[in-house]
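The sequence shown runs 78 to 458 under our numbering. Beta carbons are placed, not taken as given, at the ideal position from N, Cα and C, and that holds for glycine.
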Amino acid sequence: MIFTQEQTRDFLKRGFSRRDLGRIAAVISAGAALPFYNEPALAQLSQVRGPMPADAVKIDANENPLGPCEEARQAMRDIIPQGGRYLYNQTDTTRELMAEMEGLKSSYVRIYAGSSAPLHQAVLAFTGPERPFVTADPGYEAGEVAARVIGAKVIRVPVTKTYAHDVKAMAAASPDTGLIYICNPNNPTGTITPRKDIEWLVENKPKGAVVMIDEAYIHLCGEKMCSDLVAQDKDVVILRTFSKIYGMAGIRAGAALARPDLLAKVSQYSSGAMPITAMAAATASLKAKNLVPERRKIIADIRNDMFSWMDKHHFQYVPSVSNKFMVDVHRPGGEVQKALREQYHVYIGRVWPSWPTHVRVTIGTAEEMEKFKAAFLKVMA
């Protein structure tokens, strides 16, 4: 990739050297061949490699075992015969529908194949050696890894005692912050940062900084979304994905919501048509009546049952409102993860370095969680 003069000036202003630009250009040109855009490495960071046993319980990657709704499945079936066409209008339809539902102009929405690309590209657009990437600890690592790949500074800020983002500490982390990343509900803790705290951060962040609010899990908790901040032309970029409540992790559809000038900066390093099956499924999912509240209740019921069981057996966990939770196993989490996998074919999530005795568990089906309970009791014994 060859950067324009304007892009080059912007990179240099953020503290990159001309030698850095050659390396970054190579990373972008290589695409998925390098970690910067590697979905398994940056988006899911799944522990599963290779085939799994037929009886495996896969609750490691915050996936939705319900899969796409029936309306989305039918939409994909219907559009397959047109798979030989690019059909850009399918993307336009998804964008316009999402914009209408969010109360935004369509120019404030850009559609992606999932939400990882706009996260990575925002890091590329707004951070640098002198423009830090500020994130929660523990938090979703994809943005941090992308920042380190390009040579941007990373600042981790521990979550509060209530497991929320410490917005005041994040705002004070650096006067030159480029991008502040808020995953709400947070991954891996599954906890909420109150709306008033996010509003405070947007108003009190360092001048020139952009606040990125990743709402991948927002539908699961029923909290108010932040698209109205975008409508107010704040320095905010919101990420959405169809991977979670809509059950489309393997189909790949997502969006970024922001002022057109911010979207232009994020999207300047991407191109290409969206998969028409994903666009058809996304549009059908948005139109599906009662899908969000019904699935929210299904997941919440299973999660609440899980927590009641945890309380009964005196296990310590973080009170999540999402489709995953952290449980303290009081020994190196990797040992429990390995034992569950090797002895019982139960695959749970990874361990965060700052919380070495906690493991992340995804909420699966009721049957899957019963198998997890049985295996977890044995391993913890």
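Give the secondary structure of K311 by DSSP, where H, G and I count as helix, E and B as strand, and everything else as coil.
Locating residue 311 in the sequence shown gives position 234, counting from the first residue. Correct three-state label for K311: coil.
Could you give the C-beta distance for A293 and K321, rounded to a whole number, given that I count them as a contact under 8 Å?
Within the sequence shown, the letter at position 216 stands for residue 293. Within the sequence shown, the letter at position 244 stands for residue 321. Sure, about 6 Å apart at Cβ, within 8 Å.
Cα separation between A237 and K342?
Here residue 237 is taken as the residue at index 160 of the sequence shown, counted from 1. Here residue 342 is taken as the residue at index 265 of the sequence shown, counted from 1. For the record, residue 237 in the displayed sequence is Thr; it is not Ala. Approximately 32 Å, taken between the alpha carbons.
Kindly provide the ranges of any alpha helix (DSSP H) runs that are 4 or more residues long and lie completely inside the segment 367 to 437, ordered along the chain.
With a minimum length of 4 residues, the continuous alpha helix (DSSP H) runs that stay inside the segment 367 to 437 are 368 to 389, 410 to 421.
Helix, strand or coil for K245, going by three-state DSSP, please let me know.
In the sequence shown, counting from the first residue as 1, residue 245 sits at position 168. Three-state result, K245: helix.
Among A326, G349, R95, T204, whose alpha-carbon lies nearest the alpha-carbon of A286?
Here residue 286 refers to the residue found at position 209 of the sequence shown. When each option's Cα is compared against that of A286, the closest is T204.
Would you check if the distance between the CB atom of R208 and the CB atom of D253 is smaller than 8 Å?
Position 131 of the sequence shown, counting from 1, holds the residue named residue 208. Position 176 of the sequence shown, counting from 1, holds the residue named residue 253. For R208 and D253, yes; Cβs fall inside 8 Å.
Would you mind reading off the limits of the beta strand (DSSP E) that contains G331?
Here residue 331 refers to the residue found at position 254 when the sequence shown is read from its first residue. That run of the beta strand (DSSP E) goes 331 to 334.
Per the DSSP calculation, K135 is bridged to which residue(s)?
On the sequence shown, position 58 is the one that residue 135 refers to. DSSP, once it has assigned bridges, lists Y424 as partnering K135.
Grab me the residues of D291's own chain with a C-beta within less than 6 Å of its C-beta, minus the 5 sequence neighbours each way, in chain order.
Stepping through the sequence shown from its first residue, residue 291 is reached at position 214. Answer for D291: C260, L316, listed in chain order.
Nearest CA to the CA of T168: which residue from M403, R233, G349, P370?
Within the sequence shown, numbered from 1, the residue matching residue 168 stands at position 91. The option with the nearest alpha carbon to T168 is G349.
Checking 8 Å against the spacing of the C-beta atoms, do K165 and G331 come in under that value?
Working through the sequence shown from its first residue, we reach residue 165 at position 88. Working through the sequence shown from its first residue, we reach residue 331 at position 254. Here residue 165 is Tyr; the residue named in the question, Lys, does not match the sequence. It is not a contact, given that the beta carbons lie outside the stated cut-off.
Give the DSSP bridge partners of G180, in chain order.
Along the sequence shown, read from residue 1 onward, the residue named residue 180 stands at position 103. None; G180 has no bridge partner.
Applying the 10 Å Cβ sphere with the 16-neighbour rule, what's the burial state of D388?
Position 311 of the sequence shown holds residue 388. Classification for D388: exposed.
For P271, I'd like the list of residues in its chain whose CB is within less than 7 Å of its CB, leaving aside the five on either flank, ordered along the chain.
Locating residue 271 in the sequence shown gives position 194, counting from the first residue. The answer, listed in chain order, is A241.
Compute the beta-carbon to beta-carbon distance between A358 and M153, rounded to the nearest angstrom, for a pair I have assumed lies under 8 Å.
What you label residue 358 is simply residue 281 of the sequence shown in a count that begins at 1. What you label residue 153 is simply residue 76 of the sequence shown in a count that begins at 1. So it is a contact: roughly 5 Å between Cβ atoms.
Once the 5 residues before and after M403 are set aside, which same chain residues still bring their CB inside 6 Å of it?
Residue numbering aside, residue 403 sits at position 326 when the sequence shown is read from its first letter. Taken in chain order, the residues that qualify are P265, T266, V395, H435, R437.
So, V231 versus R225, is the Cβ gap smaller than 8 Å?
Start at 1 with the first residue of the sequence shown, and residue 231 comes out as number 154. Start at 1 with the first residue of the sequence shown, and residue 225 comes out as number 148. Closer than 8 Å, so yes.
Any contact of the segment 403 to 412 with the segment 176 to 184, i.e. 3+ C-beta pairs under 8 Å?
Flag = no, the segment 403 to 412 and the segment 176 to 184 do not touch.
For the segment 301 to 308 against the segment 331 to 340, are there 3 or more C-beta pairs whose distance is under 8 Å?
Yes: the two stretches touch, three or more of their Cβ pairs being nearer than 8 Å.
Let's see if you can read the secondary structure: which residues bound the alpha helix (DSSP H) around D338?
Taking the first residue of the sequence shown as position 1, residue 338 is located at position 261. Unbroken alpha helix (DSSP H) run through D338: 337 to 344.
Can you tell me whether DSSP reads V236 as helix, strand or coil?
Taking the first residue of the sequence shown as position 1, residue 236 is located at position 159. DSSP places V236 in coil when its eight states are reduced to three.
I'd like to check one pair, D274 with V244: are the Cβ atoms closer than 8 Å?
On the sequence shown, residue 244 is found 167 positions in, with the first residue counted as 1. On the sequence shown, residue 274 is found 197 positions in, with the first residue counted as 1. Their beta carbons are under 8 Å apart, which means V244 touches D274 by this criterion.
Tell me where the beta strand (DSSP E) around M153 begins and ends.
One-based indexing of the sequence shown puts residue 153 at position 76. Element bounds for M153: not the beta strand (DSSP E) but the alpha helix (DSSP H), 147 to 156.
Compute the beta-carbon to beta-carbon distance between I328 and T354, rounded to the nearest angstrom, for a pair I have assumed lies under 8 Å.
Here residue 328 corresponds to residue number 251 of the sequence shown, with the count starting at 1. Here residue 354 corresponds to residue number 277 of the sequence shown, with the count starting at 1. Right, their Cβ atoms sit about 7 Å apart.
Take the Cβ of D378 as the centre, count every other Cβ of all protein chains shown within 10 Å, and call the residue buried at 16 or more, exposed below.
Position 301 of the sequence shown, counted from the start, is the residue given in the question as residue 378. It is exposed - the Cβ of D378 has fewer than 16 other Cβ atoms within 10 Å.
Considering only residues of the same chain and omitting the five flanking positions on each side of A213, which have a CB-CB separation below 8 Å?
As a position in the sequence shown, residue 213 is number 136, starting the count at 1. Result list for A213: R233, V234, P235, V236, H242, D243, M247, Y258, I259, C260, N263, in chain order.
Let me know the secondary structure DSSP gives I143 once reduced to three states.
One-based indexing of the sequence shown puts residue 143 at position 66. It should be pointed out that residue 143 corresponds to Leu in this sequence rather than to Ile. Three-state DSSP puts L143 in coil, outside helix and strand.
Find the nearest neighbour of R150 within the set Q82, M325, W432, judged by alpha-carbon distance.
If you number the sequence shown from 1, residue 150 lands on position 73. Comparing Cα-Cα distances from R150 to each of Q82, M325, W432, the minimum goes to M325.
Identify every residue that forms a DSSP beta bridge with F210.
Locating residue 210 in the sequence shown gives position 133, where the first residue counts as 1. In the DSSP output, where bridge partners are listed per residue, F210 has V231, L256.
Does DSSP classify R86 as helix, strand or coil?
As a position in the sequence shown, residue 86 is number 9, starting the count at 1. Note: R86 maps to helix in three-state DSSP.
If I measure Cβ to Cβ from Y217 and keep anything under 6 Å in the same chain, skipping five residues before and after, which residues do I get?
Stepping through the sequence shown from its first residue, residue 217 is reached at position 140. Within the same chain, Y217 has close Cβ partners C260, N264.
I need the straight-line Cα distance from A138 to P215, nearest angstrom please.
Along the sequence shown, read from residue 1 onward, the residue named residue 138 stands at position 61. Along the sequence shown, read from residue 1 onward, the residue named residue 215 stands at position 138. When rounded, the distance between both Cα atoms is 16 Å.
Between I79 and the rest of its own chain, which residues show a CB-CB distance below 6 Å, the 5 nearest in sequence each way excluded?
Residue numbering aside, residue 79 sits at position 2 when the sequence shown is read from its first letter. Nothing meets the Cβ criterion.
Excluding the 5 residues preceding and the 5 following A452 in the sequence, name in chain order all residues of the same chain whose CB lies nearer than 7 Å to its CB.
Counting from one through the sequence shown, the residue named residue 452 turns up at place 375. Cβ within range, chain order: L417, Y421, V423.
Report the rounded CA-to-CA distance for A103 versus A458, giving the unit in angstroms.
Numbered from 1 along the sequence shown, position 26 holds the residue referred to as residue 103. Numbered from 1 along the sequence shown, position 381 holds the residue referred to as residue 458. Their backbone Cα atoms lie some 50 Å apart in a straight line.
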